[in-house]
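**Student:** For reference, the structure I am asking about is given below.
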Amino acid sequence: MNGWNGKILEIDLTTQTHKEYPLDMEMAKQFIGGRGLGARLLWDLVGPEVDPLSPENVLIFTNGPLTATGYQTSNRFSVTTKSPLTGTVLDANSGGFWGMQFKKTGYDVLIVRGKSPKPVWIEIKDSVVAINDASELWGMRVYAITEKLGQNNNKRNVLCIGPAGENLSRIAAIMNDRERAAARGGPGAVMGSKNLKAIVVEGSTRPEVDDKERYKFLMYETKKLLAASPLTSQALPEFGTVVLMNIMNNIGALATRNHQQTQFEGAEAISGEELTEKYLVKNASCWACPIGCTRISKTEKVEGEGPEFETTWAFGAQCGVDDLPAIIEVNSLCNDLGLDTISAGSTIACAMELSEKGYLDSDLRFGRADMLAGCVEDMAYRRDLGAELADGSLRLATKYGHPELSMSTKGLEFPAYDPRGLQGQGLLYATSNRGGCHMRGNMIGLEVLGLPKLIDRFQVQGKSAFVILHQNSNAAIDSLVVCKFTNMGVADEYFARVLGAVTGIPYATGELIKVGERVWNLERLYNNREGFTPKDDSLPPRLLTEAPTDGPSKGWVSHLEPMLKEYYRTRGWDENGVPTPKKLADLGLNKLVSGG
Amino acid sequence: MALIKLFANLRKIAGTKETSIMGASVGAVVSGLVKRYPALEASLLVRSPGGLPGNGQIRSHVIITLNGNPITDLNLVVTEEDQIAIFPPMAGG
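If you read the protein sequences in the order shown, they are chains A and B.
When the first sequence is numbered by my numbering, its final residue is 759 and no position is left out of the sequence of numbers.
When the second sequence is numbered by my numbering, its final residue is 96 and no position is left out of the sequence of numbers.
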């Protein structure tokens, strides 16, 4: 067996026991690893009767066959669970070093079930597993516990939750390697619900590669491809992801003040150019990554990783804030408390609008940079209004009688791109299996950045095919697991070749993308089983009915309905968004549904 | 004259964030920009085989917007009220 270790570790925190068993290799071939394998295991383990914050929910940590081989960006891992924020299938993935180190312990999968009677932390050292008392660690913030448990990037890596996860905030992240986050959808709350504070990994097993010569050559070619691409060799290292601020503002697709506008007059002040000129200390990178998009930034108060574009937008334009040092500092605070920055910022923005309109009695107002840090602290500790903010914008807005003011799909807050100026992006949000998310496909690449070619951002007809192509491709990449930025220099077909060289199993390009399609359909089946229907494939009324009154997207709303119909048809689903028997048979999923 | 805005490393190369250039089309304005700021040529234009400027052909992944709309057609007519923004290759999310 090459690539995979062939072993699953399962820990039951209720009984404080663990066992290991072989990975089903047929399942591994069909779903590869990461997000795909996680979704397949979750299908069997967590049904619709399970409350996401109950002991019956599970956390499934997965790596992939490429992980820790040394292939470019093969450092990531995925965590799969039922989301306490959305109730959907959830996978969140993260870079850094932990994923690589986890693979080196000799396992492909770690399943954590049950609930410990008292706080614990888990240590896995080369397949030796210990469940340790964490009573004295409970309450510690992320930076402190990461240091205390011995973080050492290439040797020993710490994954943990902060106070937000302990206090079951539904937007709590799982943090690793100090400042990396598996953030979206609230996996940190699931970890907190199990009284699990941290998982520390230390390993020495490098995965076997089937065809070493071919693999070595493919790595060499990948290096050349990444160096030749202006995106991976210049754009990302030079300005990081925040460089998107000005262009999204320029085209009138930068969601502003809880999506009330599509351009922000303070965009320049929070741009990548500004960050680079005034606050950048140096670049950093994850394990085995030649791109190095991470920014180390510094203000008078903090120094650390980030902020990324989405974070800068969420606490910036979305909250009407143009104070970049305040944003850098609140980003650092979210990392230390273990909060999803996109959901945290957007939930505050929702509260700002509720307050300005008189629906919520608070001092929050757009532009109040001085209130961001306090809000985030209160969220993590569930103090005062923070107790309500801690569960995300949809629950907050619903409580105050205006669910339409939550800028989310299925309860997951959107990132920066306003879908009124980006029709395909709107369809992507509406159909994303984990809720309003930009990481399920890169329509910005097609509709704005011309990657690989520019298409009309306002076009409606025919958009679904592009969205589906991206969704399937991203699901495959998330199952390998590698960084999506690599895909900006290296085509899908290349990953298929690398996968073949590592595992010895020939994967044609079409087969790899078919894995992605299989994963997407399985996630859809999971959500359907949970009771989700086409009405959940939607966008907030604001985006469907309120056109911007000025700027380049003036007069446009999201024309979701015709795109959605076309999307279901192109996916091979019926008019209720249910995959047809023919589609399921084609993907080898029919036995799951029939129970065979 | 159309207003041209530059972003990311193009600002550093040109030494300015914005300028105004005369030209009847987007292509003509970009050519005028490169004439005024020759250092931008390597970032914006494809070089022809002889090493001379490549007939105004824009390098791949350079993004040009006309009044906030991404475009690829350099023959689009430009008026004095128009605003052109030029971005180097960029990515993120």
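We treat Cβ as the ideally placed atom computed from N, Cα and C, and that holds for glycine.
Values in this document were obtained by computation on a predicted structure and should not be read as measured data.
Measure from the C-beta of residue 71 of chain B to each C-beta in chain A and report whether the shortest distance is under 8 Å.
**Tutor:** In the second sequence, residue 71 of chain B corresponds to position 68, counting from 1. It does: the Cβ of residue 71 of chain B has a partner Cβ on chain A nearer than 8 Å.
**Student:** Between which two residues does the beta strand (DSSP E) holding residue 73 of chain B run?
**Tutor:** In the second sequence, the residue the question calls residue 73 of chain B occupies position 70. Per DSSP, residue 73 of chain B belongs to the beta strand (DSSP E) from 72 to 74.
**Student:** State the Cα-Cα distance for the pair residue 500 of chain A and residue 332 of chain A, rounded to the nearest angstrom.
**Tutor:** Here the question's residue 500 of chain A lines up with position 337 in the first sequence. Here the question's residue 332 of chain A lines up with position 169 in the first sequence. Cα to Cα, residue 500 of chain A sits roughly 11 Å from residue 332 of chain A.
**Student:** If you measure beta-carbon to beta-carbon, which residues of the stretch 458 to 481 of chain A are closer than 9 Å to chain B?
**Tutor:** Cβ contacts with chain B: 471, 472 and 473.
**Student:** Please report the distance separating the alpha-carbon of residue 196 of chain A from that of residue 78 of chain B.
**Tutor:** For this step, residue 196 of chain A is matched to residue 33 along the first sequence. For this step, residue 78 of chain B is matched to residue 75 along the second sequence. In a straight line, the C-alpha of residue 196 of chain A is about 48 Å away from that of residue 78 of chain B.
**Student:** Cα separation between residue 400 of chain A and residue 457 of chain A?
**Tutor:** The sequence position of residue 400 of chain A within the first sequence is 237, counting from 1. The sequence position of residue 457 of chain A within the first sequence is 294, counting from 1. Going from the Cα of residue 400 of chain A to the Cα of residue 457 of chain A covers about 8 Å.
**Student:** Taking beta-carbon pairs under 8 Å, can you tell me which members of the stretch 224 to 245 of chain A lie near chain B?
**Tutor:** Listed by position along the chain: nothing, the set is empty.
**Student:** Just checking, does the stretch 738 to 753 of chain A make contact with the stretch 35 to 53 of chain B on the three C-beta pairs under 8 Å criterion?
**Tutor:** With the cut-off at 8 Å, the stretch 738 to 753 of chain A and the stretch 35 to 53 of chain B do not touch.
**Student:** Say whether chain A places a C-beta atom closer than 8 Å to the C-beta of residue 7 of chain B.
**Tutor:** In the second sequence, residue 7 of chain B corresponds to position 4, counting from 1. Not closer than 8 Å to any Cβ of chain A, the Cβ of residue 7 of chain B fails to qualify, so no.
**Student:** For residue 322 of chain A, list the residues DSSP reports as bridge partners.
**Tutor:** Stepping through the first sequence from its first residue, residue 322 of chain A is reached at position 159. Bridge partners of residue 322 of chain A: A:339 and A:362.
**Student:** List the residues of chain A that residue 12 of chain B touches, going by C-beta distances under 7 Å, in chain order.
**Tutor:** Counting from 1 along the second sequence, the entry for residue 12 of chain B is found at position 9. Here the neighbours are 401.
**Student:** Starting from residue 5 of chain B, trace the beta strand (DSSP E) both ways and give me its first and last residue.
**Tutor:** Start at 1 with the first residue of the second sequence, and residue 5 of chain B comes out as number 2. First-last of the beta strand (DSSP E) with residue 5 of chain B: 5 to 9.
**Student:** Give every residue of the same chain whose Cβ lies closer than 8 Å to the Cβ of residue 39 of chain B, excluding the five residues on either side of it in the sequence, and list them in chain order.
**Tutor:** As a working mapping, residue 39 of chain B is identified with position 36 in the second sequence. Hits under 8 Å: 22 and 24.
**Student:** Does residue 491 of chain A have its Cβ less than 8 Å from a Cβ in chain B?
**Tutor:** Locating residue 491 of chain A in the first sequence gives position 328, where the first residue counts as 1. Answer no: the Cβ-Cβ gap between residue 491 of chain A and chain B never drops below 8 Å.
**Student:** So is residue 542 of chain A buried or exposed if we call it buried at 16+ other beta carbons inside 10 Å?
**Tutor:** Taking the first residue of the first sequence as 1, we reach residue 542 of chain A at position 379. Label assigned to residue 542 of chain A: buried.
**Student:** Going by C-alpha distance, which of A:489, A:486, A:521 and A:477 is nearest residue 511 of chain A?
**Tutor:** Taking the first sequence and counting its residues from 1, one reaches residue 511 of chain A at position 348. Answer by Cα proximity: A:477.
**Student:** Is it right to say residue 179 of chain A is buried, meaning 16 or more other beta carbons lie within 10 angstroms of its own, or is it exposed?
**Tutor:** As a first step, residue 179 of chain A is located in the first sequence; it is residue number 16 there, counting from the start. Exposed.
**Student:** Tell me the DSSP secondary structure of residue 683 of chain A in three-state form.
**Tutor:** Taking the first residue of the first sequence as 1, we reach residue 683 of chain A at position 520. Residue 683 of chain A: helix per DSSP, three-state reduction.
**Student:** Please report the straight-line C-alpha distance between residue 177 of chain A and residue 285 of chain A, rounded to a whole angstrom.
**Tutor:** As a working mapping, residue 177 of chain A is identified with position 14 in the first sequence. As a working mapping, residue 285 of chain A is identified with position 122 in the first sequence. Roughly 13 Å separates the two Cα atoms.
**Student:** Whose Cβ in chain A lies nearer than 7 Å to the Cβ of residue 68 of chain B?
**Tutor:** Within the second sequence, the letter at position 65 stands for residue 68 of chain B. 413 and 414, listed in chain order.
**Student:** With a threshold of 8 Å between beta-carbons, can residue 295 of chain A be considered close to chain B, or not?
**Tutor:** To locate residue 295 of chain A, count along the first sequence from 1; it is residue 132. For residue 295 of chain A, the answer is no, since every Cβ of chain B falls outside 8 Å of its Cβ.
**Student:** Look up residue 580 of chain A in the DSSP assignment and give the residues it is bridged to.
**Tutor:** On the first sequence, position 417 is the one that residue 580 of chain A refers to. Paired residues: A:417.
**Student:** In three-state terms, what does DSSP make of residue 181 of chain A?
**Tutor:** The count along the first sequence starts at 1 and reaches residue 181 of chain A at position 18. Of the three classes helix, strand and coil, the one that applies to residue 181 of chain A here is strand, per DSSP.
**Student:** So, do the stretch 572 to 580 of chain A and the stretch 243 to 260 of chain A have three or more beta carbon pairs nearer to each other than 8 Å?
**Tutor:** Yes, they touch.
**Student:** Please list, in chain order, the chain B residues whose beta carbon lies closer than 8 Å to that of residue 602 of chain A.
**Tutor:** Within the first sequence, the letter at position 439 stands for residue 602 of chain A. The answer, in chain order, is 96.
**Student:** Check for me: the beta strand (DSSP E) holding residue 309 of chain A runs from which residue to which?
**Tutor:** Taking the first residue of the first sequence as 1, we reach residue 309 of chain A at position 146. Per DSSP, residue 309 of chain A belongs to no beta strand (DSSP E); it is in the alpha helix (DSSP H), 305 to 311.
**Student:** Quick one, which residues of the stretch 636 to 651 of chain A are near chain B if we go by CB-CB under 9 Å, in chain order?
**Tutor:** Under the 9 Å Cβ criterion, the stretch 636 to 651 of chain A contributes 647, 648 and 651.
**Student:** What is the C-beta distance between residue 347 of chain A and residue 600 of chain A, in whole angstroms, given that I count them as a contact (C-beta under 8 Å)?
**Tutor:** Along the first sequence, read from residue 1 onward, the residue named residue 347 of chain A stands at position 184. Along the first sequence, read from residue 1 onward, the residue named residue 600 of chain A stands at position 437. Right, their Cβ atoms sit about 7 Å apart.
**Student:** Counting C-beta neighbours from all protein chains within 10 Å, is the total for residue 130 of chain B 16 or more, i.e. buried, or is it exposed?
**Tutor:** The structure shown does not extend to residue 130 of chain B, since chain B is modelled only from 4 to 96, so the question has no answer here.
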